[in-house]
Structure formats: C-alpha cells, structure tokens
Amino acid sequence: MQKAKELDEEILKIDRAIDRLVYDLYGLTEEEIQVVEKSVWGDKFEEMYSKLPLKESALKLSGYKKND
524 MQKAKELDEE ILKIDRAIDR LVYDLYGLTE EEIQVVEKSV WGDKFEEMYS KLPLKESALK
584 LSGYKKND
C-alpha cells in the first residue's frame with residue numbers, strides 16, 4: 524500500500540511538471556496560469572497550485588540539459 528502511495532505522489536509530481544512546461548510552451552503569464560488552474564481544480568486550487576513547480580524545476584525533472 525505504501526508503494527502505491529509513493530507512486531501516486533511521483534506521478535502527480537511529474538504531471539504538475541508537465542503542466543508547467545505546457546504553460547510555458549504556450550507563453551502563459553502566471554496570472555493566466557492561475558485562471559486555468561482555478562477552472563481545472565476549483566476548490567482544490569490552492570493545494571494543486573502549490574504543487575506546480577517553477578519552470579527550472581520542471582526542466583530538471585524532465586532531464587533537459589541546455590547546450591552551452
């Protein structure tokens with residue numbers, strides 16, 4: 524049961540990172556992101572928005588490496 528909970532948490536972390544990267548691809552401002560997040564999450568907005576990583580963290584999670 525613990526393993527399933529850990530996997531669910533990891534999946535949520537990855538899903539939120541993907542959300543952040545998609546928002547960035549579309550060029551959404553933080554205010555626009557909040558509008559989308561509120562419409563998607565409703566009463567869970569505060570909880571789920573707090574789990575939305577910054578772009579840099581999302582890129583690290585994806586394994587992206589910038590070429591210098």
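All residue numbers for the sequence shown refer to our numbering, where the first residue is 524 and numbers rise by one.
Don't be surprised by glycine CBs; every beta carbon is placed ideally from N, CA and C.
Residues near residue i in its chain [Cβ-Cβ closer than 7 Å; skip 5 each side]
i	result
residue 592	Outside the displayed range of the chain (524 to 591) lies residue 592, so it cannot be described from this structure.
residue 556	546
For residue j and residue i, the rounded distance between their alpha carbons
i	j	result
residue 524	residue 530	10 Å
residue 564	residue 589	32 Å
residue 553	residue 575	11 Å
residue 542	residue 583	14 Å
residue 578	residue 550	12 Å
Helix, strand or coil at residue i according to DSSP, with G and I counted as helix
i	result
residue 550	coil
residue 572	helix
residue 565	helix
Distance between beta carbons of residue j and residue i, contact taken as under 8 Å
i	j	result
residue 535	residue 581	Rounded, the Cβ-Cβ distance is 13 Å, inconsistent with contact.
Given residue i as reference, the closest of the options once Cα atoms are compared
i	options	result
residue 570	539, 586 and 587	539
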